[in-house]
Every structure is written in structure tokens, then in C-alpha cells.
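Participant: When we follow my numbering, the leftmost residue of the sequence shown carries the number 134, and every step to the right adds one.
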Amino acid sequence: MNDKNAENKYLHVLPALPYPENALEPIISAKTMSFHYGKHHKAYVDNLNKLVAGAEFSDMPLEKIITETAGKIDKAPIFNNAAQAWNHAFYWKSLSPKGGGKPSSALHQKIEESFGTLEACKKELATAATTQFGSGWAWLVVDGGKIKVVKTSNADLPLVKGMKPLLTIDVWEHAYYLDYQNLRGDYVTAVLDKLINWNFASDNLGKQ
Ligand code: MN3
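Here it is as C-alpha cells:
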């Protein structure tokens, strides 16, 4: 992509959005998407390439960089940018203009085993998303064969906790402030009702 990173075996690239920037309106505006994807997500990818250029992690794919740098204070800038690059790519796929509604029967059954009802699962996701103090993420994960809701701070992610992520909601202020200002709960409710991509979660459930 540019000469500066020519020595990197892995040049990290900003993945294409799975839909146009205005596709999630009116729940998430094109303006939010333009900044969130085009500025924030892009900056994480660009910063990661700069941080690893010609150095220790330049020959590693994204997920390996994340697991190798997790919990190491002196590698925090690399971890933060790598994890945020990964988290955002996963978040875009966790949303869909045709989202909301109900999961596939296999996922629905697993959700009912863990939460009783889909509504209870959504409520727990909403609670995690609204009670995460400061910046972070709410996740639906598989942990020990059971579906659970977890929340993480800043760039942290289930991948480094031995959990398989199924979907995520970004609750950093940049995800909702232009559209909802301080009303994080309204953003979360709208996303869960109209945009959440249960098909993506089903696909992830089926993966090893
Ligand atoms: Mn974000």
C-alpha cells in the first residue's frame, strides 16, 4: 500500500465495509459511519502498520499480534491498535441493514439454553452495553460450551480470554455520540432491535 511498510510481511489493510456507509440509517447515520470507519478504524490500522514496521511483530497476522502482545504493558500501543483493528472489523459484520429479528433455530436454541428467552439475552446484552464504564465493547460469546454475555474495556476482547465471540456492540462514545449524544441506551436498544446480525452470530457459532 505504501513504501514505508514495504518491509512488513503482513500489511494490515482496512477491510471494506460489508454495506454502504448510509445503509444503517436511520439507526446509525452515514456521518457516524464516515468518521467511525473512515477515521477511527482506519487510524487503528494505519497506526498498527507504523508500530510494527520492520520490527518484532511485522511478520505476524493480526490475530497472532493480538495474542502475543496481550497483557504486556510495554506492548500496549501495539495491542491496542491491533485489537481495535480486529474489533471494528468484527463490529461491522455484527450489524446489518437487514438485522434485528430472530436468530436461526440452532442459535436460538443455544440462546434459550443459556438465557431462557431471546428477549432475556437481548436484555443482558443491553445491560452489559449500557453499564460498561467508559469505552469498551459488549459481546455475545461462547465460553465453555455455553453462550454468555461479557463486556470488555477499551480495546480488550474475548479472543485473549479463551472465549469465542459471536457478535459485538461498540460502546465507545465515537460509535453513537453524533446520533444519540449521551443516550447510549437508546443506541444500544435500536441496534439490538434493528441492526444486530444474528446470521453472523450463527456463522461464528458453527466455526471451530
Ligand atoms: Mn469504535
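Just so you know, even glycine gets a beta-carbon here, dropped at the ideal spot from N, CA and C.
Anything with a beta carbon under 6 angstroms from a heavy atom of the ligand MN3 counts; list them all in chain order.
Facilitator: H169, H173, H221, D303, W305, H307 and A308
Participant: In the DSSP assignment, find the beta strand (DSSP E) that holds T285 and state where it starts and stops.
Facilitator: If you number the sequence shown from 1, residue 285 lands on position 152. K279 to S286 is the extent of the beta strand (DSSP E) around T285.
Participant: Please tell me whether P236 and L258 are closer than 9 angstroms, where the distance is taken between their beta carbons.
Facilitator: If you number the sequence shown from 1, residue 236 lands on position 103. If you number the sequence shown from 1, residue 258 lands on position 125. Taking 9 angstroms as the Cβ cut-off, P236 and L258 do not qualify as a contacting pair.
Participant: Between C254 and L300, what straight-line distance do the alpha-carbon atoms span, to the nearest angstrom?
Facilitator: Mapped onto the sequence shown, residue 254 falls at position 121. Mapped onto the sequence shown, residue 300 falls at position 167. Roughly 13 angstroms separates the two Cα atoms.
Participant: Please state the DSSP three-state secondary structure of G271.
Facilitator: As a position in the sequence shown, residue 271 is number 138, starting the count at 1. The residue you asked about is not Gly; residue 271 is Ala in the sequence shown. Residue state, collapsed to three classes: strand.
Participant: Can you give me the Cβ contacts of S162 inside the same chain, cut-off strictly under 7 angstroms, excluding the 5 residues immediately before and after it?
Facilitator: Walking along the sequence shown from the start, residue 162 turns up at place 29. Contacts found: L311 and D312.
Participant: Taking the beta carbon of K340 as the centre, do at least 16 other beta carbons fall within 10 Å, making it buried, or is it exposed?
Facilitator: Here residue 340 corresponds to residue number 207 of the sequence shown, with the count starting at 1. Per the 10 Å Cβ criterion, exposed.
Participant: Give the DSSP bridge partners of P298, in chain order.
Facilitator: Position 165 of the sequence shown holds residue 298. Per DSSP, V274.
Participant: Can you check DSSP and say which residues form a bridge with I329?
Facilitator: Residue mapping note: residue 329 aligns to position 196 of the sequence shown, counting from 1. According to DSSP, which records beta bridges pairwise, I329 is partnered with L228.
Participant: Just mark I206 as buried or exposed, buried being the case when its beta carbon has 16 or more other beta carbons within 10 Å.
Facilitator: Here residue 206 corresponds to residue number 73 of the sequence shown, with the count starting at 1. Its Cβ having fewer than 16 others within 10 Å, I206 is exposed.
Participant: Let's see if you can read the secondary structure: which residues bound the alpha helix (DSSP H) around F248?
Facilitator: Locating residue 248 in the sequence shown gives position 115, where the first residue counts as 1. S238 to F248 is the extent of the alpha helix (DSSP H) around F248.
Participant: Out of W272, V304 and S286, which one is the CA nearest neighbour of N337?
Facilitator: Reading the sequence shown from its first residue, position 204 is the one you call residue 337. Nearest C-alpha to N337: W272.
Participant: Excluding the 5 residues flanking H241 on each side, which residues of the same chain have their C-beta closer than 8 angstroms to its C-beta?
Facilitator: In the sequence shown, the residue the question calls residue 241 occupies position 108. Excluding sequence neighbours, H241 sits near K235 and L251.
Participant: Find out if the Cβ-Cβ distance for the pair H169, D303 is shorter than 9 angstroms.
Facilitator: By 1-based counting over the sequence shown, the position of residue 169 is 36. By 1-based counting over the sequence shown, the position of residue 303 is 170. Judged by their CB atoms, H169 and D303 are nearer to each other than the 9 angstroms cut-off.
Participant: Among E158, A308 and Y224, whose alpha-carbon lies nearest the alpha-carbon of W331?
Facilitator: If you number the sequence shown from 1, residue 331 lands on position 198. It is Y224 whose Cα lies nearest to the Cα of W331.
Participant: Among residues of its own chain, excluding the 5 on either side of T263, which ones have a beta-carbon nearer than 7 angstroms to its beta-carbon?
Facilitator: The residue labelled residue 263 in the question sits at position 130 within the sequence shown. Contacts found: R317, G318 and V321.
Participant: Using 8 angstroms as the threshold, is the stretch 151-162 in touch with the stretch 175-195, meaning 3 or more CB pairs across them?
Facilitator: no
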